[in-house]
Structure formats: C-alpha cells, structure tokens
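Sequence lines, in order, name chains A and B. Just so you know, we're using this note's numbering here: the first sequence kicks off at 9 and counts up by one. Just so you know, we're using this note's numbering here: the second sequence kicks off at 9 and counts up by one. Glycine included, every Cβ here is placed at the ideal spot set by N, Cα and C. Shown next, in structure tokens, is the structure this report addresses.
Protein chains: 2
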Amino acid sequence: MRKRTLLAVSGTAIALALGVAIAHEADHPAVKARTSIMQLYANNLGPLGAMAKGDMAYDADAASKAANNLALLVQLDQSRLWPQGTDADSISGTRALPAIWQNFPDVAEKGQALAQAVNAMQAAAGADLEALRGAMGAIGKACGDCHETYRAPDQ
Amino acid sequence: MRKRTLLAVSGTAIALALGVAIAHEADHPAVKARTSIMQLYANNLGPLGAMAKGDMAYDADAASKAANNLALLVQLDQSRLWPQGTDADSISGTRALPAIWQNFPDVAEKGQALAQAVNAMQAAAGADLEALRGAMGAIGKACGDCHETYRAPDQ
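Written out as structure tokens, the structure is:
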C-alpha cells in the first residue's frame, strides 16, 4: 500500500511538473508578443471587415482609427520575436510552422505585402465604404498568403 | 444511487458551464486587446530595463528598436477598448479597476505622461547607456502612477 501511494504521489508530481513545463512554453515571451500583435491585427480588422460586409454601419471615423492602428502595428520591429526553437514542433502555444525559419526572405516579403495593403487601407478607410471595400481584398490576401503556408491548422 | 449519480453529473455540468462562462469573459475582445498592448509594452521595456540595470550589455541598435516600438504602441487609439462593464468587478480576466471609468480624464492624462516619457526614451535610447538610464525613470513612474491607482493587485 505504501508503495502504491508513493507511486500515485510521484505520478501526480510528474503530471504537475509537465503541466508547469507546458505552461512555461506557452508563456515564451516571443510567442506571447507575436500572439499579441496578431490579436491587435484582428481587433482592428474586425470593424473594417464588418463594415465591408455590411454587418456594421460605415463609420468614417471608426474606420480611420482602425486603419491607423493597423498602420502602426505593421511598423513594429519583430526581429527579436522569432528566435530558433519557438516553432510549433518545438514548443506548445504557437501555430508557427518550422518552415518560417527556413524561408525568412519569403516571410519578410509577405510581411511587406501586408504593410502595403494596410497603407492603402489607411488612405481609403476614411473616404467612403466603396474605397474601404476596395482596400479590404489585398489585406485578406496578405493574411491568407502567409497563414496558408506558415501557420499550422487550428486544433 | 441513481439520484446521487445524477447529482454528481449535474454538478459536473454546472462546473463545466461556469468554466465556459469564465473563459468567455476572459476572452472579451476589449480585454484581449488591452492585455496585448500591455504585453507588447512589457516585451519592449524588457531589454531597456535590463540594459539600464546592467543585466544586459548596452546595444544601441536593440535599444532603439525597443524604444521605437514603444513609440508606435503609445500612439494606438484605444477608444474602443474600454467599454462599460469590462472592469475587474464585472468580469474575470482583467485587473482594470472600476475607478478607471469614473476618472477617464485622469487616466488619459496618465496615458499622456507615458507617451511623453516614451518619446524622450526614443530620443535617448540609441545615444548611450547614460541617456537610456536617464529616460527610464519617467517611464517607470508613468507605469507605476497608473497601475497603483487603477490596477487590482495580482492574485
């Protein structure tokens, strides 16, 4: 009985230790920062997409504020945010595929495409709904081009 | 026995339902965006603070990149991010005290103090370590002034 109890206790200790290890990996500072940038992209694309689809009334001021925020976010320097060993095969808490680290020039090019699409949106968003809609396609394409190649499927 | 099993099952169902409710509150889009901005502040203050304390060798390029990122982040429009009912007394997943919503002008003033301190850091970070150190105090004071008044203690 004593032995069985000890086994059970050490099993729990191992499970706890593993849990802590996984939590630490999900808390990797580079992953947290990358996720935060993606979260802020989504938060500002939300109202622009909703207006483009007609789910939200067009509001020039709100559209401009969201587009201006995106224009700031695409300028963030991310050079510290992609250290080796922070891909989805190495740690939990990220969907970043290892292919990113084998194709940095292509990833950077796709990032530039997003920055250009966002700058076009910044010029268009406050003009009128048609201009906003016209600028939305290039942003969606830039997001998709990168995610299809470099992001693991949601599980 | 049947009754006891049913009670146990419904207890689990209630716990699961509560768990889902708490998860949804923590996932409030405004809270997620606010947390993301704070996370990105921390990610860029990290190397600046480490250099100031002598825990990391001074690197003008790295310091400038971090300061430039902060200068972008303080420009983000947050007008959509503080809706009524997203304080720590109303939902989980945030430490934002209700006092924020009773003192918006003061919160905005404290935000301006941070923006000014960050702009001074942007000018100083790439110059030399003494300039960086000199700019760090005002940033720490701006963070502390807001957190002491408007953020619930960590639990």
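For the alpha helix (DSSP H) that residue i lies in, which residues bound it at each end?
i	result
T43 (chain B)	37–61
I108 (chain B)	107–110
D97 (chain B)	D97 (chain B) -> no alpha helix (DSSP H), and no H or E assigned at all.
D136 (chain B)	Unbroken run through D136 (chain B): none, as it is neither H nor E.
S72 (chain B)	68–81
Only counting the same chain, and skipping five residues up and downstream in sequence, which positions put a Cβ closer than 7 Å to that of residue i?
i	result
A96 (chain A)	T102, R103, A104, L105, A160
N127 (chain A)	A79
A21 (chain B)	Residue confidence is low: A21 (chain B) scores 45 on pLDDT, short of 50, so the model does not pin down where it sits. Its coordinate-derived value is still stated next. So no residue of the chain qualifies.
G172 (chain B)	With chain B running from 9 to 163 in the structure shown, residue 172 (chain B) is simply not present.
For residue i, which residues in the same chain have their Cβ closer than 6 Å to its Cβ, ignoring the five residues on either side in sequence?
i	result
A74 (chain A)	N52, P55, L56
I30 (chain B)	Unreliable positioning characterises I30 (chain B) in this predicted model, as indicated by a pLDDT of 45, which lies under 50. The coordinate reading is nonetheless provided below. Here the set comprises S100.
A133 (chain A)	A71, S72, A75, L140
P77 (chain A)	The residue asked about is misnamed: residue 77 (chain A) is Asn in this sequence, not Pro. Excluding positions up to five away in sequence, the list reads N52.
P113 (chain B)	none
R42 (chain B)	L89
A38 (chain A)	L89, P91, T94
Below 8 Å CB to CB, which residues in the same chain sit around residue i once its five sequence neighbours on both sides are set aside?
i	result
G145 (chain A)	none
L122 (chain B)	V82, I147, A150, C151, C154
A107 (chain B)	T157, Y158
L48 (chain A)	N77, L81
DSSP has residue i in a bridge; who is on the other side?
i	result
R159 (chain A)	A:A104
Quiz item: Between the region 109–121 of chain B and the region 57–76 of chain B, do at least 3 Cβ pairs fall closer than 8 Å?
Solution: Output reads no: the region 57–76 of chain B does not touch the region 109–121 of chain B.
Quiz item: Are three or more beta carbon pairs between the region 145–152 of chain B and the region 81–89 of chain B nearer than 8 Å?
Solution: Cβ pair count under 8 Å is below three, so no.
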